[in-house]
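Protein chains: 2
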Amino acid sequence: MFEFTLTARAGRARTGRFRTPHGDLVTPVFAPVGTQAAVKTLTPAQVADLGATLVLANTYHLYLRPGDELIGEMGGLHEFMQWPGPILTDSGGFQVFSLADSRKIDDDGVTFKSHIDGSTHRFTPEKAIQIQENLGADIIMAFDECSDPNDHAYTKIAMERTHRWAERCLAAKTRPDQALFGIVQGGVNPDLRAQSARFIASLDTPGIAIGGLSVGETKAEMHAMLDVTLPLLPEDKPRYLMGVGTPEDLINGVARGVDIFDCVLPTRLARHHAAFSPEGRLNLMNAVYARDKRPIDETCDCYTCRTFTRAYLRHLIAAKESLAGTLLSIHNLRALIRLMETLRAAIQDGSFESRVPEWLKQWQGNAERKGG
Amino acid sequence: MFEFTLTARAGRARTGRFRTPHGDLVTPVFAPVGTQAAVKTLTPAQVADLGATLVLANTYHLYLRPGDELIGEMGGLHEFMQWPGPILTDSGGFQVFSLADSRKIDDDGVTFKSHIDGSTHRFTPEKAIQIQENLGADIIMAFDECSDPNDHAYTKIAMERTHRWAERCLAAKTRPDQALFGIVQGGVNPDLRAQSARFIASLDTPGIAIGGLSVGETKAEMHAMLDVTLPLLPEDKPRYLMGVGTPEDLINGVARGVDIFDCVLPTRLARHHAAFSPEGRLNLMNAVYARDKRPIDETCDCYTCRTFTRAYLRHLIAAKESLAGTLLSIHNLRALIRLMETLRAAIQDGSFESRVPEWLKQWQGNAERKGG
Numbered sequence: 000m001f002e003f004t005l006t007a008r009a010g011r012a013r014t015g016r017f018r019t020p021h022g023d024l025v026t027p028v029f030a031p032v033g034t035q036a037a038v039k040t041l042t043p044a045q046v047a048d049l050g051a052t053l054v055l056a057n058t059y060h061l062y063l064r065p066g067d068e069l070i071g072e073m074g075g076l077h078e079f080m081q082w083p084g085p086i087l088t089d090s091g092g093f094q095v096f097s098l099a100d101s102r103k104i105d106d107d108g109v110t111f112k113s114h115i116d117g118s119t120h121r122f123t124p125e126k127a128i129q130i131q132e133n134l135g136a137d138i139i140m141a142f143d144e145c146s147d148p149n150d151h152a153y154t155k156i157a158m159e160r161t162h163r164w165a166e167r168c169l170a171a172k173t174r175p176d177q178a179l180f181g182i183v184q185g186g187v188n189p190d191l192r193a194q195s196a197r198f199i200a201s202l203d204t205p206g207i208a209i210g211g212l213s214v215g216e217t218k219a220e221m222h223a224m225l226d227v228t229l230p231l232l233p234e235d236k237p238r239y240l241m242g243v244g245t246p247e248d249l250i251n252g253v254a255r256g257v258d259i260f261d262c263v264l265p266t267r268l269a270r271h272h273a274a275f276s277p278e279g280r281l282n283l284m285n286a287v288y289a290r291d292k293r294p295i296d297e298t299c300d301c302y303t304c305r306t307f308t309r310a311y312l313r314h315l316i317a318a319k320e321s322l323a324g325t326l327l328s329i330h331n332l333r334a335l336i337r338l339m340e341t342l343r344a345a346i347q348d349g350s351f352e353s354r355v356p357e358w359l360k361q362w363q364g365n366a367e368r369k370g371g
Numbered sequence: 000m001f002e003f004t005l006t007a008r009a010g011r012a013r014t015g016r017f018r019t020p021h022g023d024l025v026t027p028v029f030a031p032v033g034t035q036a037a038v039k040t041l042t043p044a045q046v047a048d049l050g051a052t053l054v055l056a057n058t059y060h061l062y063l064r065p066g067d068e069l070i071g072e073m074g075g076l077h078e079f080m081q082w083p084g085p086i087l088t089d090s091g092g093f094q095v096f097s098l099a100d101s102r103k104i105d106d107d108g109v110t111f112k113s114h115i116d117g118s119t120h121r122f123t124p125e126k127a128i129q130i131q132e133n134l135g136a137d138i139i140m141a142f143d144e145c146s147d148p149n150d151h152a153y154t155k156i157a158m159e160r161t162h163r164w165a166e167r168c169l170a171a172k173t174r175p176d177q178a179l180f181g182i183v184q185g186g187v188n189p190d191l192r193a194q195s196a197r198f199i200a201s202l203d204t205p206g207i208a209i210g211g212l213s214v215g216e217t218k219a220e221m222h223a224m225l226d227v228t229l230p231l232l233p234e235d236k237p238r239y240l241m242g243v244g245t246p247e248d249l250i251n252g253v254a255r256g257v258d259i260f261d262c263v264l265p266t267r268l269a270r271h272h273a274a275f276s277p278e279g280r281l282n283l284m285n286a287v288y289a290r291d292k293r294p295i296d297e298t299c300d301c302y303t304c305r306t307f308t309r310a311y312l313r314h315l316i317a318a319k320e321s322l323a324g325t326l327l328s329i330h331n332l333r334a335l336i337r338l339m340e341t342l343r344a345a346i347q348d349g350s351f352e353s354r355v356p357e358w359l360k361q362w363q364g365n366a367e368r369k370g371g
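Respectively, the protein sequence lines represent chains Y and C. So the first sequence is residues 0 to 371, counted in numbering that gives the first Met the number 0. So the second sequence is residues 0 to 371, counted in numbering that gives the first Met the number 0.
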C-alpha cells in the first residue's frame with residue numbers, strides 16, 4: 000500500500016503514481032477542497048466529471064460538526080460524503096492556529112474555542128491522529144504549528160514543536176490503511192526550511208507535506224523556500240504543497256518537483272463571481288458581459304464552457320441565483336485540473352521545460368482581476 | 000404544430016401527447032419552475048436527469064432582469080438557459096397583481112413598480128405578448144387578472160377584464176411557433192367559473208389554463224372549482240392548472256382531467272430543508288436524522304436517494320452547505336415527476352381509478368411537516 004512510482008521526469012518536475020486504498024493518484028494532481036465533507040455547491044458526481052481524483056476535507060471543521068465519531072459511525076468519510084476515490088485530511092493545525100485570539104499553545108497541544116459556539120476544545124498530536132482515524136481518509140497529516148512567517152524567532156520554536164509533534168503522530172497512528180505525511184515548516188527562513196526538510200524526510204512516512212506557504216509571504220519567498228526544501232526531500236515520496244494555489248503557483252510548484260496541491264481558491268472565487276481564463280481573471284458580474292455570447296474560455300472543455308454564455312452567467316450572478324456559483328466552480332476547478340493534465344502530458348512527452356514560460360504568461364493575469 | 004392527442008382515459012383522467020416546436024410533452028406532466036431562467040440550484044443537465052420535459056419561466060421576473068429584449072438578442076430562452084425541451088412562460092399577471100400596494104389597474108392594463116429598484120413599468124395584454132414573443136417559450140399565457148377569491152363582487156369584474164384581455168392577447172400574437180393559452184378565472188364562485196370556462200373555451204387557442212387557484216382558498220373549494228370548470232373545457236385541448244401543487248393536488252388534479260402542472264413548492268421546500276416522503280414531509284434539519292443511514296425515501300430512484308443518507312443531508316443543512324438545497328431539490332422534483340409517471344402508467348393500464356385512494360393516503364402527510 001502507498002507505493003509511489005515515478006513515471007517520468009523533466010528537470011525537477013516529475014509524474015508519478017501513488018497507490019492508495021481508494022485508487023491510484025496520478026501526479027502531479029490538484030485536489031478540490033471539501034471543507035465540510037462537500038466540495039461547495041457540487042455533487043460528488045459533478046466533482047468526478049471534472050476529472051478530480053483526490054478530494055481534501057478539513058479535520059477541524061468535521062471534528063466540530065458533525066463530529067468525527069459520527070462520521071466514523073457512518074462508515075467514514077468516503078461512505079459519508081460518497082466520494083469513492085482517495086481523500087486527504089489536514090490535521091486541523093492550520094485552522095486552529097488561525098483562530099488567533101481564541102487559542103492557547105503549549106508543548107503538549109493547543110486549547111481553542113470553537114468558531115461555531117465558542118465551546119472549548121483541545122487538540123494534541125494524538126488527538127489529531129485519533130480524529131483523522133475516525134474520519135478515515137487515505138492520506139492524513141501530522142499535527143503542526145504554522146506560525147507567522149515574519150516572526151523569525153518564533154518560527155524556530157514552532158518548527159521544533161512541529162518536529163516533536165510529527166514523531167508523536169507517527170507513534171500514535173494505528174491504521175495501516177492511512178498514509179501519514181509529516182509537514183515541513185520553517186517560515187521564510189532558508190536555514191530553518193532546510194533543517195525541517197531534513198528532519199521530516201528522516202521520518203518513516205509514505206509522503207511529505209510542505210506547510211506554512213501561501214500564508215502572506217511573497218511569491219519570490221515561496222519559490223525560494225521550495226528551492227531550498229524540495230531538493231532535500233527523497234525522490235521516492237510524494238510531496239504535497241498545502242493550500243496552494245493559483246494557476247501560476249501550480250506551474251511553479253510542479254516545475255520545482257511538487258506532486259500534490261489543494262486550494263479553496265477555485266470555489267471561493269466562484270462564489271465571488273470570478274473565473275479563471277486565459278484573458279486573466281474575469282469578474283462576470285461586470286456589465287460588459289451582459290450580451291457576451293462567448294463562453295468563459297473558448298478552449299475549456301468543462302460543462303459550463305461547453306454550455307453557457309458569459310451573458311447567462313452574468314444574469315445568474317445579477318439575479319443572485321446560486322447556480323452561478325455551481326457553474327463557476329465547475330469551470331474554475333476544471334481549469335486547474337486541466338492545467339495539471341497539460342503539465343503531466345508535457346512532462347511525459349519531454350516538452351515541459353520549454354513550455355513553462357508560455358504557461359506562466361498564459362495564466363499570469365489570474366492573480367489579479369480583469370474586466371471588473 | 001401544437002397537436003394534442005389523447006392516448007388513454009380513466010374516468011375524467013387522461014394521458015396525451017402535446018406536440019411543441021421543442022419536442023412532445025407526454026401528459027399529465029409536472030413542470031419545474033425556473034423563475035429567473037434557472038431551476039433554482041440545478042443545472043439543466045440535472046433537471047433533464049429528473050425526467051423533466053417542460054420547464055416554466057416567469058415573464059415578470061425576466062422582463063425586469065435581464066430584460067426580454069436581451070434574452071431575444073441572445074436567441075431566446077431556450078438558447079439563453081440551455082433548456083432544449085419545451086418551455087412555458089406565464090404572462091406576468093400573477094406577479095404584478097401580487098404587488099398589492101405598488102400597482103394600479105385600469106381596463107387597458109396595469110402600472111406597477113419593480114420589486115428590484117422601484118422603477119415604474121406598465122403591462123398591457125399587448126405588452127405581455129410582446130415580452131413573451133421576445134422570450135420565445137413554446138407555450139405562452141394570456142395576460143389575466145387574478146383577484147382575491149373572497150371578494151366576489153370584484154372577482155366578476157376581474158374575470159370579465161381577463162376575458163377582454165384574452166381576446167386582445169390573441170389579436171396581438173404574431174409568432175406561429177408559440178401556443179397561447181387563455182386563462183379561466185372566476186375565483187371560488189361556481190357560476191363565474193362556468194362562465195369563464197365557456198368563454199375561454201370559445202377562443203381559438205391550442206390549450207387552456209386554469210388560474211386563480213391555490214391562492215388561499217380551501218382544498219374543497221379548489222376541487223369544486225375544478226369539478227365545475229373541467230367538464231366545460233374541450234376534450235381535445237390540454238388543460239394547465241397554474242401554480243399547483245402538492246403531491247395530493249397533483250393526484251386530485253389528474254383525477255379531474257388536468258394535463259399540465261407547475262409549482263415552486265418542491266424547490267422552495269428544498270431550500271427550507273423539507274423533503275417529500277411516503278412518511279410525510281420530513282424536516283431534515285431535525286436532530287433525529289443525525290445518524291440516520293436511510294435515504295429520504297427508500298423507494299425513490301433519484302440521485303439523492305440512490306447516493307446519500309439522511310445523516311449526510313442533515314449535516315449539509317446544519318453546516319449551511321448549499322449542496323443541501325441542490326440535493327433536496329433533486330429529490331423533491333423527482334418525487335413529483337415520478338408521481339406523474341406512476342399516474343400516467345396507471346391511466347394507461349386501467350388501474351388509475353382504483354388506486355387514487357391509495358396514492359392520496361400515501362402522500363397525505365406531505366401537506367404538513369413531520370419529524371420536525
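All C-beta atoms, glycine included, are put in the ideal place defined by N, C-alpha and C. From a predicted model like this one, the values you see are computed outputs, not experimental measurements.
Does the Cβ of residue i have 16 or more other Cβ atoms within 10 Å, making it buried, or fewer, making it exposed?
| i | result |
| --- | --- |
| PRO205 of chain Y | buried |
| HIS271 of chain Y | exposed |
| ILE128 of chain C | buried |
| ARG309 of chain Y | buried |
| ASP116 of chain Y | exposed |
| MET339 of chain Y | buried |
| TYR153 of chain C | exposed |
| GLY349 of chain Y | exposed |
| THR298 of chain Y | exposed |
| ASN188 of chain C | buried |
| ARG197 of chain Y | exposed |
| THR40 of chain Y | buried |
Give the DSSP bridge partners of residue i, in chain order.
| i | result |
| --- | --- |
| VAL54 of chain Y | Y:ILE86 |
| ASP261 of chain Y | Y:ALA30 |
| ASP23 of chain C | C:ARG18 |
| LYS39 of chain Y | Answer is none; LYS39 of chain Y lacks a bridge partner. |
| PHE122 of chain C | C:VAL109 |
| ALA273 of chain Y | Y:ASN282 |
Whole angstroms are fine: how far does the CA of residue j sit from the CA of residue i?
| i | j | result |
| --- | --- | --- |
| TRP358 of chain Y | ILE250 of chain Y | 7 Å |
| PRO294 of chain Y | CYS304 of chain Y | 5 Å |
| VAL32 of chain C | VAL38 of chain C | 6 Å |
| ILE373 of chain Y | SER97 of chain Y | There is simply no residue 373 of chain Y to check, as chain Y begins at 0 and stops at 371 in what is shown. |
| ALA36 of chain Y | GLY135 of chain Y | 12 Å |
| ARG368 of chain Y | GLY215 of chain C | In this prediction, ARG368 of chain Y scores a pLDDT of 44, lower than 50, which makes its location untrustworthy; the coordinate-derived value is nonetheless stated afterwards. Their backbone Cα atoms lie some 49 Å apart in a straight line. |
| PHE111 of chain C | PHE142 of chain C | 15 Å |
| ARG267 of chain C | THR306 of chain C | 22 Å |
| PRO356 of chain C | PRO85 of chain C | 32 Å |
| LEU240 of chain Y | ARG192 of chain Y | 14 Å |
| GLY15 of chain Y | GLY71 of chain Y | 31 Å |
| ARG6 of chain C | ARG13 of chain C | Looking at the sequence provided, one finds Thr at residue 6 of chain C rather than Arg. Using only the alpha carbons, I get a separation of about 7 Å. |
| LEU281 of chain C | LYS172 of chain Y | 40 Å |
| ALA30 of chain Y | ASN285 of chain Y | 29 Å |
Could you check where the beta strand (DSSP E) with residue i kicks off and where it finishes?
| i | result |
| --- | --- |
| ILE207 of chain C | 206-209 |
| LYS236 of chain Y | That residue, LYS236 of chain Y, is in no beta strand (DSSP E); it is neither H nor E in DSSP. |
| ILE115 of chain Y | Element bounds for ILE115 of chain Y: n/a, residue is neither H nor E. |
| ILE280 of chain Y | Checking the sequence, you will find Arg at residue 280 of chain Y rather than Ile. Here the beta strand (DSSP E) through ARG280 of chain Y covers 280-282. |
List, in order along the chain, the chain A residues whose C-beta lies closer than 9 Å to that of residue i?
| i | result |
| --- | --- |
| GLN35 of chain C | In summary, chain A is missing from the structure at hand, where the protein chains are Y and C. |
Taking the alpha helix (DSSP H) that residue i belongs to, which residues open and close that run?
| i | result |
| --- | --- |
| ARG337 of chain C | 322-348 |
| VAL95 of chain Y | 92-96 |
| VAL183 of chain Y | Unbroken run through VAL183 of chain Y is the beta strand (DSSP E), 178-183; no alpha helix (DSSP H). |
| PHE3 of chain Y | Run containing PHE3 of chain Y: none in the alpha helix (DSSP H); it sits in the beta strand (DSSP E), 3-9. |
Interfacial residues, the segment 277-293 of chain Y to chain C, with Cβ spacing under 9 Å: ALA289, ARG290 and LYS292
Which of the residues in the segment 47-80 of chain Y, read from start to end, lie with their CB under 7 Å from any CB of chain C? ARG64, PRO65, LEU69, GLU72, MET73, PHE79 and MET80
Contacting positions in the segment 321-352 of chain C - beta carbon closer than 9 Å to chain Y: SER321, LEU322, ALA323, GLY324, THR325, LEU326 and ILE329
Counting only Cβ-Cβ distances shorter than 7 Å, please list the residues of the segment 310-321 of chain Y near chain C, keeping chain order. ALA310, TYR311, HIS314, LEU315, ALA317, ALA318, GLU320 and SER321
With 9 Å as the limit, tell me which residues of the segment 245-268 of chain C have their beta carbon closer than that to any beta carbon of chain Y; keep them in chain order. none
Identify each residue in the segment 104-136 of chain Y for which the Cβ-Cβ distance to at least one residue of chain C is less than 9 Å, and report them in chain order. none
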